[in-house]
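Chemist: Whatever position you read off the sequence shown (first residue = 1), add 100 for our numbering.
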Amino acid sequence: MPINVSNRVEKINLEQNVSLAKFSTIKSGGTADLFCYPTNLQELRAALAFARDKSIPVTILGGMSNTLISDDGIEGLVIRTTRLNEMKKRGNLLSVLAGAQLEETIDFAIEEGLGDLEHFYGIPGTIGGALWGNAGAHDHQISETVLFADFLDLHGNLFREQIIQSEFSYRLSPYKGRSGLILYEVHLALKPISDTHTLKTIALGYKRRRVEQQQFRYPSLGSIFKNPPDHKAGALLEGCDLKGKRIGGAKIARHHANVIINVDGSATSTDIRNLIVLAKETVFQKYAITLEEEITYLGRW
Ligand SMILES: Cc1cc2nc3c(=O)[nH]c(=O)nc-3n(C[C@H](O)[C@H](O)[C@H](O)COP(=O)(O)OP(=O)(O)OC[C@H]3O[C@@H](n4cnc5c(N)ncnc54)[C@H](O)[C@@H]3O)c2cc1C
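Right, here's the structure in full:
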């Protein structure tokens with residue numbers, strides 16, 4: 101039953117026991133005790149005020165394309181950002197609310213005559229999730245294009261931080277591990293371009309390559325592991341003959357050993373995690389290298 105929470109003037113509906121599997125790109129995981137979709141700053145603050153009043157934890161989710169949600173669900177309030185998706189252009193600056201899809205952000209940038217994001221076309225998820233994990237492709241990472249970002253703390257205070265490039269590296273941002281931080285708006289400094297048609301063709305080419313690599317054929321989270329220094333995680337996993345290895349409904353993809361797929365929709369998050377543990381142990385036994393997850397585990401593990 102929805103709970104109607106009001107914070108002086110703003111209201112937001114909180115739903116109870118919402119199944120999260122349907123939103124996740126790997127289609128697994130349990131329920132959120134409480135769940136909401138704020139559409140503006142006031143609603144977001146109303147949700148945070150409710151969680152504060154009740155002393156319950158807050159979890160932020162974007163596109164859910166890089167998180168494995170526990171089968172036992174997530175305690176407290178889950179705030180999904182995907183309806184915070186406004187975009188504005190001021191000169192070469194593109195300001196995008198954190199829940200905007202990365203692909204829609206790139207479409208908008210190109211239509212507005214701004215380039216530099218095309219390499220990322222086809223990465224699922226939101227701009228907020230991308231900056232949080234410093235997503236990247238083709239030797240580029242999202243942080244390179246960001247000038248500053250706006251955050252909320254759990255009290256609803258809004259603050260702005262300049263991006264310091266040295267604080268970002270391969271799939272690592274200074275926000276990982278900082279609890280109680282909600283990325284609200286991302287400000288990107290982009291390159292003006294005149295030939296938007298060619299740029300869109302280039303972007304679509306990047307996406308087409310992903311389709312040809314079968315990235316979207318099965319539910320997945322993309323790459324499970326980071327590449328260790330001087331190695332490719334996929335090659336190490338392939339070297340251990342792990343392609344096709346299956347636990348329950350979770351299987352190491354034949355098209356890429358660093359991808360786990362929910363092969364027939366029946367995989368639980370526990371199957372997926374057990375397969376991750378098995379893969380890590382196998383690689384360690386053969387190569388004495390400990391693979392580190394690129395994905396994040398959320399919920400009651
Ligand atoms: C088919 C496929 C291909 C992929 N290819 C790539 C690739 O080429 N490169 C790459 O880097 N990744 C890739 N990924 C992984 C994933 O798409 C990216 O990491 C993406 O940027 C995650 O964004 P998201 O919105 O889905 O994040 P989510 O999975 O929703 O969240 C990820 C983490 O960020 C936190 N978070 C999200 N939004 C906010 C916010 N507003 N404030 C605070 N914290 C937040 C969450 O709490 C969580 O811990 C791929 C995934 C798939 C399924």
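The beta-carbon is built from N, C-alpha and C at its ideal position, and this holds for glycine as well.
All of these numbers come straight from a predicted model, not from anything done at the bench.
Measure the Cβ-Cβ separation of N117 and D133 and say whether it is below 9 Å.
Modeler: Yes; because the gap between Cβ atoms is below 9 Å, this pair is in contact.
Chemist: Is there at least one non-hydrogen atom of ligand 1 closer than 8 Å to the beta-carbon of S320?
Modeler: It does: the Cβ of S320 is within 8 Å (strictly closer) of some heavy atom of ligand 1.
Chemist: Between the stretch 229-242 and the stretch 267-275, do three or more beta carbon pairs fall short of 8 Å?
Modeler: As far as the Cβ criterion goes, the stretch 229-242 touches the stretch 267-275, which means the pair count is three or higher.
Chemist: Could you tell me the distance, in whole angstroms, from the CA atom of H356 to the CA atom of G334?
Modeler: Between H356 and G334, the C-alpha separation is close to 7 Å.
Chemist: Let me check understanding here. Comparing Cα to Cα, which of H255, C340, K351 lies closest to I389?
Modeler: Of the listed residues, the one whose Cα sits closest to I389 is C340.
Chemist: Should V158 and G176 be called a contact, given that it needs their Cβ atoms to be closer than 9 Å?
Modeler: Yes, these two residues count as a Cβ contact at 9 Å.
Chemist: For the candidate residues S124, K380, I179, whose alpha-carbon lies nearest to that of K345?
Modeler: It is K380 whose Cα lies nearest to the Cα of K345.
Chemist: Given T182, which residues of its chain have a CB within under 8 Å of its CB, disregarding the five upstream and five downstream residues?
Modeler: So the list reads Y137, G162, G163, G199, Q201, T226, once near-sequence residues are dropped.
Chemist: Taking only runs that begin and end inside the stretch 323-354, name each unbroken alpha helix (DSSP H) of 4 or more residues, in chain order.
Modeler: Counting whole runs of 4 or more residues, the stretch 323-354 contains the alpha helix (DSSP H) stretches 333-339.
Chemist: Do S266 and ligand 1 come close, with the Cβ less than 8 Å from some heavy atom?
Modeler: No, the Cβ of S266 stays beyond 8 Å of every heavy atom of ligand 1.
Chemist: Just to check my reading of the structure: L222 and E203 have Cβ atoms closer than 8 Å, yes? What is that Cβ distance to the nearest angstrom?
Modeler: The amino acid occupying residue 222 in the given sequence is Gly; Leu does not appear at that position. G222 to E203, Cβ: 7 Å. Contact.
Chemist: Can you tell me which of the three DSSP states D207 falls into?
Modeler: Here D207 sits in helix by DSSP.
Chemist: What is the rounded straight-line gap between the Cα of L378 and the Cα of A146?
Modeler: Rounded to the nearest angstrom, the two C-alpha atoms are 43 Å apart.
Chemist: For the stretch 219-254, list the beta strand (DSSP E) runs that are entirely contained and at least 3 residues long, ordered along the chain.
Modeler: With a minimum length of 3 residues, the continuous beta strand (DSSP E) runs that stay inside the stretch 219-254 are 246-252.
Chemist: With DSSP run on the structure shown, which of helix, strand or coil describes V363?
Modeler: DSSP places V363 in coil when its eight states are reduced to three.
Chemist: What's the gap between the Cα of R354 and the Cα of A151?
Modeler: Roughly 43 Å separates the two Cα atoms.
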